[in-house]
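Shown next, in structure tokens, is the structure this report addresses.
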Amino acid sequence: MSLPEVHLIGGTRPEAVKLAPVVLAMREQGLIEPVLLASGQHPQMVTQALAAFDLTPDVTLTVERTTGSQAELLTGMVRELDALWDVRPPAAVIVQGDTTTSLAGALAAFWRRIPVVHLEAGLRSGDLDSPFPEEANRKLVAQVASLHLAPTPLAAMNLLDENVAPVDVMVTGNTVVDATLAVAGRKLPYENPVVAAARAGRTNRLVLVTAHRRESWGHPLDRILTAVRTLVAKYPDIDVILPSHPNPAVRAQVEAGLAGLERVTVTDPLPYADLSRLLSEAYLVLTDSGGIQEEAPSFGVPALVLREVTERVESLDAGCAKLVGSDTALIVAEASALLDDRARRDAMTVNGNPYGDGLAARRTAQATAALLGLTASPEALVGVSR
Numbered sequence: 384m385s386l387p388e389v390h391l392i393g394g395t396r397p398e399a400v401k402l403a404p405v406v407l408a409m410r411e412q413g414l415i416e417p418v419l420l421a422s423g424q425h426p427q428m429v430t431q432a433l434a435a436f437d438l439t440p441d442v443t444l445t446v447e448r449t450t451g452s453q454a455e456l457l458t459g460m461v462r463e464l465d466a467l468w469d470v471r472p473p474a475a476v477i478v479q480g481d482t483t484t485s486l487a488g489a490l491a492a493f494w495r496r497i498p499v500v501h502l503e504a505g506l507r508s509g510d511l512d513s514p515f516p517e518e519a520n521r522k523l524v525a526q527v528a529s530l531h532l533a534p535t536p537l538a539a540m541n542l543l544d545e546n547v548a549p550v551d552v553m554v555t556g557n558t559v560v561d562a563t564l565a566v567a568g569r570k571l572p573y574e575n576p577v578v579a580a581a582r583a584g585r586t587n588r589l590v591l592v593t594a595h596r597r598e599s600w601g602h603p604l605d606r607i608l609t610a611v612r613t614l615v616a617k618y619p620d621i622d623v624i625l626p627s628h629p630n631p632a633v634r635a636q637v638e639a640g641l642a643g644l645e646r647v648t649v650t651d652p653l654p655y656a657d658l659s660r661l662l663s664e665a666y667l668v669l670t671d672s673g674g675i676q677e678e679a680p681s682f683g684v685p686a687l688v689l690r691e692v693t694e695r696v697e698s699l700d701a702g703c704a705k706l707v708g709s710d711t712a713l714i715v716a717e718a719s720a721l722l723d724d725r726a727r728r729d730a731m732t733v734n735g736n737p738y739g740d741g742l743a744a745r746r747t748a749q750a751t752a753a754l755l756g757l758t759a760s761p762e763a764l765v766g767v768s769r
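Numbering (this note's numbering), first residue to last: 384 to 769.
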């Protein structure tokens, strides 16, 4: 007798990274047949990210892009998913986070009365304009999900405050912790030759910088790059690696802003294994990435967050991250304080990672099987009540 299929839909690199451990956990559990769907949003980046886990998409949707608009992407995905599920309907669908892929998958499944499992549910900034359109996407997915898997107690409380039934909410931890610990622990050689050359034989402290979010482009990015230049000039014992966004205009801006600087390496977007290893070796990270905010504490690396607001407030509450926005002076001041004082730097992450214990994927696999009546519900990472 064949196992029931559960379709896990990913369209972006972070989604692929966070879904991969769930696929592996489901295979180990043996109650469900996981089917990985690449939605067509960023197909090459999804395939690249999955390769770090020795996985490939089982199905890749073809979504034609002409205008590049969110409406075009959403309608194309829904159309493709609907056609697939005409011939291959799953027992349940798992969507992750708050992208257009997540919203399309949740809506297409809901319209077919297929149960929706929302992984990394409950993140809220409280502002529909920031991040845009992600804040609206995740709130919309919450309206149609059957099971809400929250990464932290705070995320679970956000859902309860929106009147989601407590029985439908579970704190699992964040599967990105599972992913990064597993991949970095393998200590694979750097795939990117530029990074491999930059790290070979180096004893300087590593500062990892990422500024990929659209809200960081333009003038904010100029201010961030100015801060990087200042820090490199101030500290001769640091090396900086900055994986740039693939957008040609952004890459040109980064190259121009850091032109001529020694000890600074600008690269193309990195394979996940390379990025995880860099993070594990970093002294400090400057980032606007939500995923890196979640991963860095597992390696004892503090994060200065290059955003005005973050929905990952657990990092701020735990002290392992600080908001600095794109203010050049503030970035330099906060980074300098940590570069000048190792004890102060280490104190930021002494309480460990607020995003989980590396077992979130197992809880997700069991909770999904329980939703389908195949096993008992798992014990939550942390209990939550009103």
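The C-beta atom is built at its ideal place from N, Cα and C for all residues, glycine as well.
Here histidine 501 carries a strand assignment [DSSP, helix/strand/coil]. Per DSSP, the beta-bridge partners of histidine 531 are His501 and Val552. In the three-state reduction of the DSSP assignment, alanine 686 falls in the strand class. Closest in alpha carbon position to proline 473, among Pro516, Ser719, Lys570 and Pro387, is Pro387.
The continuous beta strand (DSSP E) containing leucine 591 extends over residues 588 to 593.
In the DSSP assignment, valine 733 falls outside any alpha helix (DSSP H), carrying neither H nor E.
Threonine 747 is a Cβ neighbour of alanine 408, given a cutoff of 8 Å.
Looking at the backbone, the Cα of arginine 521 and that of arginine 410 are separated by about 27 Å. If you keep only unbroken alpha helix (DSSP H) runs of at least 4 residues inside the segment 442 to 516, you get 453 to 470 and 483 to 494. Here arginine 695 is buried: its Cβ has 16 or more other Cβ atoms, across all protein chains shown, within 10 Å. Under DSSP, valine 524 takes part in no beta bridge, so it has no partner.
Between aspartate 622 and alanine 581, the beta carbon gap of about 7 Å places them in contact (Cβ cut-off 8 Å). Cβ contact annotation for arginine 612 (same chain, cutoff 8 Å, sequence separation greater than five): Gly640, Leu641 and Leu644, in chain order.
Cβ neighbours of alanine 492 within its own chain (closer than 6 Å, five residues either side excluded): Val476 and Val499. Under DSSP, proline 652 shares a beta bridge with no residue. For glycine 393, the uninterrupted beta strand (DSSP E) segment begins and ends at 388 to 393.
In terms of Cβ geometry, alanine 567 and arginine 495 do not form a close pair [threshold 8 Å]. Residue nearest to threonine 458 within the set Val470, Ala487, Arg597 and Leu506 is Ala487 (criterion: CA-CA distance). One Cα belongs to leucine 706, the other to valine 442, and the distance between them is close to 39 Å.
Nearest to cysteine 703 by C-alpha distance, out of Leu419, Val418 and Val733, is Val733.
For glutamate 598, the three-state secondary structure derived from DSSP is helix.
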